[in-house]
Structures are given as C-alpha cells and as structure tokens.
Amino acid sequence: MNLGIVDVPVWAILLVVLAILLYWYAYQPFGTWKKLGVKGPSPYPFVGNIPEMFDDRIGTCVSIAKWQKQYGRIFGAYFFRVPVLIVTDPDFLKHIFVKDFNNFTDRFFISNGKLQQRIIRKGLFFEVGADWKRIRRIMSPTFSSGKLRLLTHYMNLTAQRLGENLKNFAASGTHVEAKKVYGAFTLDVICGTAFGLDTNSQQNLEAPFIQHAKSMLTFEKSLQITLGLAGSFPVLASLFEFLGIGFFKKNDVKFFEKNLVALIQERKAHPERQKCTDFLQLLLEAESDDADEFVGEKKLTAEEIAAQGIIFIIAGYETTSTTLQYISYELAKNPDVQARIRNEISKVLGDSTEPDYDKCNSLKYTEAAISETLRMYPPVHLLSRLAERDISFKGVQIPAHTGITVPLFNIGRDPEFFEDPDSFKPERFLNENKANINSITYLPFGFGPRACIGMRLAIMELKIAPCTYWELWNLWASRPRCWT
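Here the sequence shown is numbered in the UniProt record's numbering, starting from 1 and rising by one per residue.
Here it is in structure tokens:
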C-alpha cells in the first residue's frame, strides 16, 4: 500500500539542517542587549552593526551621532558577534577610565587581538593584565620632564629641516602633500628620540623607513575582508594568526623588527661606547637575561624591547603627522590665530635659535591651538575598553567580556560639552577658560591610568615644529593652494 511517503534525498535533508544551523548562528549572539533592557540599533546577521558603523558613505561619527539621538548617551551595539556598549556619558566615562579602572584595564579588540602579530601584541598599547602594568611602570621614566629636556635636540634638528623644506616649497609654489612632509618629520623625531638614529627621511620622502611606516598604517580592502571573516567566524582568527595574516602587513612588521633587533644587538656588542640618551637605551637597561620568563618588576624580554620600538613608530607616526596636517589647515583658515601664535613664539624665543623644553612650556596660546585641533580632529576616533567582570552602573547591566567603545570625535564636537563645537577657538583651552571644560570630555590622549604615555612628548613635538619656521608662515599662508 502506498502511504504517500516521499523518498527525500539525504543531501536535501543535510542542506535543510545546514540552513537552519546557519540561520541560528547568524542571529544567536544578538539577544544580549534586548535581554538586559539596553536600547540600541538592530544588528545585521553575522556582522552585527558593523555595516552601518563603518560605512564609508556615511562615516562612523555620523552613525554614532544618529544612534545617540535615538537611544541616548549609553546604548548597545554589536561589533560582529560581540556586544559593545557605546558611551558618551561623562559620569560613565569617569567610572570606566578612573573609578573602576581595575575592571576596565584592557582594551577591546576584535578576535581578542589575534589579528595583531605576536610582537605587536607585546607592545604597550596592545598588552594586557599584569604584563601591561609591568611594562607601563618600566617605560614611564622615559617620558619624564627630565628625559624630554635631553631629547629636544633631536626634535630641533628635524624641525629645522622641516622649516627649510617648507621654505623651499612655499618659495617655488610647489604642490605639496602635507601628510607626506609631516610624516617624514614625525618619523625622524621618532627615530631620533627613540633609537638615536638620524634617518633624515625629509630629504628622501621615498626612504625605506617612511615607506614601510606609511604602508604599515595604510589599510587596504583585503584587511576589511580579513576582519569581516574573523569577526563573523571567530574560529578563522586562529587560522589567520597561524598564517601570519593580520591587522598590520607582515613584511612591514618584519622590516621594523629586523632593524630594531639589529640595533639592539649592535648596542649590546659595543657596551664600551658612550651610552645614548634615548628610549631604547632605557629599555635595554631593564632587559632580563631570561628571554622566556618574567623575572621581576623591572625586567623586559628582548622581544618586549623590540615590540615597544615598533609601537613607538605606530603610535607616534600617524597621529602626530595627522595633527600637524590639521593644524596647518586651521591656521590657513584663521590668519588671526596664526598671527597670534607667531607673535607668541617670537616673544618667548627671543634671539634663541633653538627652543628648549622650558621655553616651549611657556607657549600657552600655541598649546591651546594644539589642544583645540586635537579636540576637533582626534587622530584616533574610537577608544575601547573591555569589562573583566559583570557590573551595573546607572541601571545598565554590563556582562563580563563586553566591549566598551568611546567615540572621541562625537564627544569633542558635542554642543553640550563645547559651545559652538565646529568653530576653531583656541581660547577655550587657555588657563582662564579651562575650568569651563569637563576634563573627561577631552580625550585625544585617553584618560586615567591608561592614558597615552607619550602625551608630553607629542605636545612638545607639535610645539617645536612651528617654532623653527614661524617666520615662514606669512609666505606659507599666502600660497594655500600649495597644500593638498
């Protein structure tokens, strides 16, 4: 008797099961915020809110501003499959960065940082837990006021070269890619202050050091694909890690690792030579004889020393050159600010041919212009932290291992924090007006114990650059079309 039973092929059954499992996997992690009563944008399958947040046609800042208007200063989103809390609330920011710092010590990274090469993960910016605390403690003396006083001669040398280049460009009317010129300047400062090297990249903008630095921080379409696959299917992150595929290009990382290791070996081979006054020497003095084990509070492994050198390049090259580019842009637009800075530099320096540490500290209006530039154009748009334990704050439940994202551009342009936020007004950062600014809303260098360790070095560098060519600014400003 025929009961009407259809003989379904096994492959068809497997296909249906696979489709069901794939559908479950696509949506499985996206119930966290709804269950906790936290409002936020609806996620897309597999990728969460990444398509909107990093849509080149819209921009991250625009998307976050739209969501903040809809959901408030604390709302939930998803970086691929991971729940992330986006925060612009000052009280919450202070809680994260300071009051409960021990619960938010580490940064949040896609795939737990597996897309950074091993040596990159050993760098201070990426390191976690007890190793981060140890390395931070060892490195802090490098950026003391006493150390910076000894390093200004490297900055003056490179800034004088920058001034000559700008003078020649302005006089000839040559079109200039400002980012490339400033990138060469900042790289020379890094190589001098960190490694005692006179690379003089400004005389050769195609030099290997600057080409590899630029390449390492140029992120191509292939990286988006890698991030997308690793974020949507975390098991692939381990495969990419094994293959050496990651956030930074392998050949660029290898180039700097090879050169730094060679420099370290050279200094070890010739200890009788006079010690250099630079970042690398301080770290060498804190090196452990045991390269594999942690042997004390003031010891680094050889790998950790090289890692800090690479991080110094990553952190100092792009950020400072970008800031100089935006300072140039705003000064070209605001000749009154430019004139005031020029007059201040002339008055403070007098007949000095080189600005020293103490005189640079007296450039209060120049520093205010730098601070205003960083408020409007933070080189890093997003800061992140990772919750180690479950916590509750302001009625919001934050599960352990949740990412925290702080959108710096949005905070710096928020009219509730800064009056007329889209206007360039250095006066707001002068001493008599600083009391009107909530310090937790000015975050280009982060905040709290994990704030940027190189902040004072960066500010010094940004001051010394114009000091050496202030008299050229009239000529430069009269030819704004030379700048691209």
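Idealized CB from N, CA, C, for every residue including glycine.
These numbers were taken from a predicted model, which means no experiment stands behind them.
Query, Result
"Is T105 near R450, with beta carbons less than 8 Å apart?", "yes"
"How should R118 be labelled, buried or exposed, when 16 other C-beta atoms within 10 angstroms of its C-beta is the threshold for buried?", "exposed"
"Using the C-alpha atoms, what's the distance from V406 back to Y23?", "31 Å"
"How is residue 528 classed by DSSP in three states: helix, strand or coil?", "No statement about residue 528 is possible, as the shown extent of the chain runs from 1 to 484 and does not include it."
"In whole angstroms, give me the CA-to-CA distance for L239 and K333.", "49 Å"
"What do you get for A19, buried or exposed, if any count of 16 or more other CB atoms within 10 angstroms of its CB means buried?", "exposed"
"Between which two residues does the alpha helix (DSSP H) holding L115 run?", "Premise fails: L115 is in no alpha helix (DSSP H) and is neither H nor E."
"Could you check whether P355 and C452 sit closer than 8 Å to each other, using their CB atoms as the reference points?", "no"
"If you measure between the beta carbons of R428 and F143, is that distance less than 8 Å?", "no"
"For the candidate residues F279, K133, E419, D420, whose alpha-carbon lies nearest to that of G146?", "F279"
"Is the region 373-383 in contact with the region 325-343, if contact means three or more CB pairs nearer than 8 Å?", "yes"
"Using the C-alpha atoms, what's the distance from S232 back to V16?", "21 Å"
"Flag this pair as yes or no: are the beta carbons of F447 and I437 separated by less than 8 Å?", "no"
"Can you list, in chain order, the residues of its chain with a C-beta nearer than 6 Å to that of L443? Leave out the 5 residues immediately preceding and following it.", "L408"
"List, from N- to C-terminal side, the beta strand (DSSP E) runs of 3 residues or more that fit wholly inside the region 336-407.", "382-386, 391-393, 396-398, 403-407"
"Leaving out five residues before and five after G228 in sequence, what residues of the same chain have Cβ atoms less than 6 Å from its Cβ?", "none"
"Can you check DSSP and say which residues form a bridge with Y78?", "P83"
"Assign Y44 to one of three DSSP states: helix, strand, or coil.", "strand"
"What does the alpha-carbon distance come out to for the pair R134 and L300?", "9 Å"
"Where do the N-terminal and C-terminal ends of the alpha helix (DSSP H) with R73 fall, by residue?", "Element bounds for R73: n/a, residue is neither H nor E."
"Does the pairing of the region 195-214 with the region 154-167 give three or more beta-carbon distances under 8 Å?", "yes"
"Relative to the alpha-carbon of G395, which residue among F30, L14, G37 has its alpha-carbon at the smallest distance?", "G37"
"What do you reckon, are the CB atoms on N103 and I391 nearer than 8 Å?", "yes"
"What do you get for P9, buried or exposed, if any count of 16 or more other CB atoms within 10 angstroms of its CB means buried?", "exposed"
"Tell me which residues share the same chain as I370 and place their Cβ nearer than 6 Å to its Cβ, disregarding the 5 neighbours each side in the sequence.", "L462"
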